[in-house]
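These notes concern the structure reproduced below.
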Amino acid sequence: MTRAGQTIENAALRGADQDDVSETDAAWQALGQITVYSLVAAVVAVALVGVLRKRWDLAAAAVGVIVAGQAVVQVLKRFVLPRPALVEVTGDYAHNSLPSGHTTIAMTVLFAAVIVVPYRWRGVLLFFVLPWAVGIGQYTLTAKWHRLSDTLAADAIALSVAALASWWLARRGALERYDGPSKKPRVVLVVFWALAGLVSLGLGAVLWGVPLAREGLGADEWVIYLGAGSLASAGSIAAALAFLACWRRVA
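According to the numbering used here, the sequence shown is numbered sequentially starting from -7.
This is the structure in structure tokens:
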């Protein structure tokens, strides 16, 4: 939390006002689908997959990732991480929004699904769920619900909780190594997302680095917003790929 950091993130929020109405509407619609009911449905779904596989340990770990992720986020947001008033702002810009609950939900649902879904179906899962999870993080910026730091913190929390659940499973001896042939479509998918993450990171660095170096904190708000969106996507992709790397060839 620095004065410069808050100024840049607030500029990104103001830059979101310049986005197309269709993009803003899409963001609100996607975020609006994440409710208490949809969260409960996700918990029930991952638990059911574990039960059908007769893997109660995986079901418990997957449910724990989603529930613990939200518990950590709400405690941090409401009681532990007050937002210092380093920059004079009013209205929505002044409230604390770190970490992002919606981004945490999206990422923990992804990680929980990776834990509980059979190895042979993991590629299919990634094809459908990973784009959604990454998109939610960026949509929170488009809708002006959250700042970039909120989404990055949420990625870190989701990854940490999922890593702890994986460690618990490993300590129980519940994980087995898959020794079969590699699934080529899955490899292609992972390579694609790795490249997408690098492109997003590089684009975000350029969109922030160049204007900030030339114009300082008065850089164009639209460009700062675009850079924040790219960096948000890069953060979510990096967290997802890091967790997938931990579960490489784990059945």
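By construction, the Cβ of each residue, glycine as well, lies at the ideal position given by its N, Cα and C atoms.
All of these numbers come straight from a predicted model, not from anything done at the bench.
According to the DSSP assignment, K69 belongs to no alpha helix (DSSP H), since it is labelled neither H nor E. Less than 8 Å divides the Cβ of I229 from the Cβ of G189. With respect to the 8 Å criterion, R6 and E213 are classified as neighbours on the basis of their beta carbons. Comparing C-alpha distances from T96 to each of L199, A63 and L223 shows the shortest one belongs to A63. Here V108 really is in contact with V41; their C-beta atoms are around 5 Å apart, less than 8 Å. Take A234, set aside five residues on each side of it, and the residues of its chain with a beta-carbon closer than 8 Å to its own are L151, in chain order.
Distance from V57 to A157 at the Cβ level is roughly 5 Å; contact confirmed, criterion being Cβ atoms closer than 8 Å.
Using a Cβ-Cβ distance cut-off of 8 Å, the stretch 128 to 137 and the stretch 202 to 211 are not in contact, since fewer than three pairs of beta carbons, one from each stretch, lie closer than that value. With distances taken between CA atoms, A155 lies nearest to F103 out of A34, F103 and Q(-2). The alpha-carbon separation between C238 and W159 amounts to approximately 10 Å. Judged by beta-carbon spacing, G227 lies within the 8 Å limit of L144, meaning their Cβ atoms are closer than that value. Apart from sequence neighbours up to five positions away, the residues of its chain that approach S225 with a beta-carbon distance below 6 Å are V126, Q130 and S192, ordered along the chain.
Around the beta carbon of V215, 16 or more other beta carbons sit within 10 angstroms, so the residue counts as buried. At the C-beta level, A135 and L23 come within 8 Å of one another. Taking the C-beta atoms as reference points, W124 is found nearer than 8 Å to A98. W20 and T27 have their C-alpha atoms roughly 12 Å apart.
D142 sits close to P91, with the two beta carbons spaced by under 8 Å. V180 has its alpha-carbon roughly 28 Å from the corresponding atom of A53. Annotated as distal: V32 and V59, with beta-carbon spacing of 8 Å or more.
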